[in-house]
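Engineer: There's a structure below that I have some questions on.
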Amino acid sequence: MEKKAVSKFVSIIFLTLMAVIWVIPLLYTFFSSFKSEADIQSNAFTILPIHWVIGNYQDVLFQNTSAPVAKWFMNSLIISVSQTVLVLVIVSLAGYGYSRMKFKGRDAIFVFLMATMMFPAVVNLIPLYKIMDTLGWVNNYLAAIVPGSAAVFNIFLVKQFMQGIPIDFDESARVDGASDFQIFMKLILPLMRPVLTVVALFTFTASWNDFLWPSIVFNDIEKMPITPGLQLLQGMYALDIAHALTGALIAIVPTFILYLFTQKYFMESLSLSSGVKG
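Shown next, in the form of structure tokens:
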């Protein structure tokens, strides 16, 4: 019993330490966004501002024509939400097909699909850009939405989860005259909520935080997402730390809110089986 208590105490200390290490930079960024540049330069190691100002947000959001942060924010929101919806549609249908439907070469195709995960994503950048250019999608939202819509890992995750749903459910529905589409929509899809929640969270976060691919496929400042756009903001305010930190804080707001309000579903979905009732 003492060993268990000591182990629990050590775990709590460790997790608390990790939380503090993560939270301190976030708090510093938050409070520094309300500091003047002179305040940051003269009191760099203090967290709370000496004089609170909101001018940084006004400058970054509304008085910056060469670095339109508000426009970048909306671009990122459109791209991330659209890609998340598209991913959910594709991976749910693909997972259903690979786990429930029988067709020639199904297993071989899935093995080949999994084998593509061995190649680093950077290998695809040049051919992918060439495809986008051929389709006329450079500087278009579609170039940031479509390429990541069929992530192999998400398909694997959904397929494995779906295999945990008893096949007896399908057979009972077929006896009642249900088609494959009806089985998928009315029976399988509601049971897939936990794993689809994880896929949605990971997809939105990855799309919002993606830096490399948008930096390549967008060269129009007005159409650029916020993550690569922050690089331009940092370049404009090379010596203005307050504005750079303000832009960074604005960029993390959606993902922070997303995890804040969906943490319940995220924790449920870690087991990847909470939606299946025996």
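By our numbering, the letter at position 274 of the sequence shown is numbered 1424, and the numbering carries on one by one without gaps.
We put the beta carbon where it would ideally sit given N, CA and C, even for glycine.
These numbers were taken from a predicted model, which means no experiment stands behind them.
1. My assumption, with CB atoms under 8 Å, is that MET1342 sits in contact with PHE1311. Please give the rounded CB distance.
2. What is the DSSP secondary structure of TRP1363, reduced to helix, strand or coil?
3. If you compare alpha carbons, which of MET1168, ILE1204, GLY1286, ALA1169 is closest to SER1182?
4. Report the rounded CA-to-CA distance for LYS1336 versus VAL1237, giving the unit in angstroms.
5. Measure from the alpha carbon of LYS1280 to the alpha carbon of each residue in ILE1366, SER1249, ALA1300, LEU1227, then state which is nearest.
6. Could you check whether the segment 1241-1261 touches the segment 1365-1384, counting it as contact only if at least three pairs of C-beta atoms, one from each stretch, sit closer than 8 Å?
7. How would you call LEU1346, buried or exposed, if buried means at least 16 neighbouring beta carbons within 10 angstroms?
8. Compare the Cα-Cα distances from THR1179 to each of ALA1392, LEU1408, THR1412 and report the closest residue.
9. Please name the residue in SER1186, GLN1213, GLN1191, PHE1195 whose C-alpha comes closest to that of HIS1201.
10. If you follow the alpha helix (DSSP H) that PHE1260 is part of, which residue opens it and which one closes it?
11. Rounded to whole angstroms, what is the Cα-Cα separation between TYR1409 and ILE1400?
12. So is GLN1413 buried or exposed if we call it buried at 16+ other beta carbons inside 10 Å?
13. For GLU1321, tell me which candidate among GLY1255, ILE1174, MET1251 has the shortest Cα-Cα distance.
14. Please determine, among VAL1325, GLY1314, PHE1223, the residue with the shortest C-alpha to C-alpha distance to GLU1372.
15. Closer than 6 Å by C-beta to LEU1167: which residues in its own chain qualify, once you throw out the five before and the five after it? Chain order, please.
16. Would you kindly work out how many angstroms separate the C-alpha atoms of SER1232 and ILE1295, rounded to a whole number?
17. Can you tell me whether TRP1172 is buried or exposed, with buried defined as 16 or more other CB within 10 angstroms of its CB?
18. Is there a Cβ from chain B that is less than 7 Å from the Cβ of ILE1315?
19. How would you call THR1266, buried or exposed, if buried means at least 16 neighbouring beta carbons within 10 angstroms?
20. Taking the C-alpha atoms as reference points, what is the distance between TYR1291 and SER1192?
21. CA-CA distance, ASP1330 and PRO1340?
22. Which value, in whole angstroms, describes the spacing of the CA atoms of ASN1289 and ALA1328?
23. Going by beta-carbon coordinates alone, are ILE1338 and ALA1300 separated by less than 7 Å?
24. In this structure, does DSSP put ILE1315 in helix, strand or coil?
25. Between the C-alpha atoms of ILE1163 and VAL1156, what's the straight-line distance to the nearest angstrom?
26. Under the rule that 16 or more other beta-carbon atoms within 10 Å means buried, what is ASP1360, buried or exposed?
27. For the alpha helix (DSSP H) containing SER1186, name the first residue and the last one.
Structural biologist: Reading it off the structure:
1. Their Cβ separation, rounded to whole angstroms, is 7 Å, which keeps MET1342 and PHE1311 in contact under 8 Å.
2. Helix, per DSSP.
3. Among MET1168, ILE1204, GLY1286, ALA1169, the Cα nearest to that of SER1182 is on ILE1204.
4. Those two C-alpha atoms are separated by around 19 Å.
5. Residue nearest to LYS1280 within the set ILE1366, SER1249, ALA1300, LEU1227 is ILE1366 (criterion: CA-CA distance).
6. Cβ pair count under 8 Å is below three, so no.
7. Classification of LEU1346: buried, given that the 10 Å Cβ count is 16 or more.
8. Measuring C-alpha to C-alpha distances from THR1179 to each of ALA1392, LEU1408, THR1412 identifies ALA1392 as the nearest.
9. Nearest of SER1186, GLN1213, GLN1191, PHE1195 to HIS1201, Cα basis: SER1186.
10. Its alpha helix (DSSP H) spans residues 1256-1265.
11. Per the coordinates, the alpha-carbon of TYR1409 lies some 16 Å from the alpha-carbon of ILE1400.
12. Residue environment: GLN1413 is assigned as exposed (fewer than 16 neighbouring CB atoms within 10 Å of its CB, all protein chains considered).
13. Among GLY1255, ILE1174, MET1251, the Cα nearest to that of GLU1321 belongs to MET1251.
14. Out of VAL1325, GLY1314, PHE1223, PHE1223 has the C-alpha closest to the C-alpha of GLU1372.
15. Contacts found: none.
16. Between SER1232 and ILE1295, the C-alpha separation is close to 7 Å.
17. By the neighbour-count rule (16 or more Cβ atoms within 10 Å), TRP1172 is not buried but exposed.
18. Reference to chain B is not applicable here, since this structure consists of a single protein chain.
19. THR1266 sits exposed, since fewer than 16 C-beta atoms from the chains shown fall within 10 Å of its C-beta.
20. So the two alpha carbons sit approximately 42 Å from each other.
21. The alpha-carbon atoms of ASP1330 and PRO1340 are separated by roughly 15 Å.
22. ALA1328 has its alpha-carbon roughly 44 Å from the corresponding atom of ASN1289.
23. Contact: no.
24. Correct three-state label for ILE1315: coil.
25. Rounded to the nearest whole angstrom, the CA to CA distance from ILE1163 to VAL1156 is 11 Å.
26. Counting Cβ neighbours within 10 Å, ASP1360 comes out buried, since at least 16 surround it.
27. The continuous stretches of alpha helix (DSSP H) do not include SER1186, and DSSP gives it neither H nor E.
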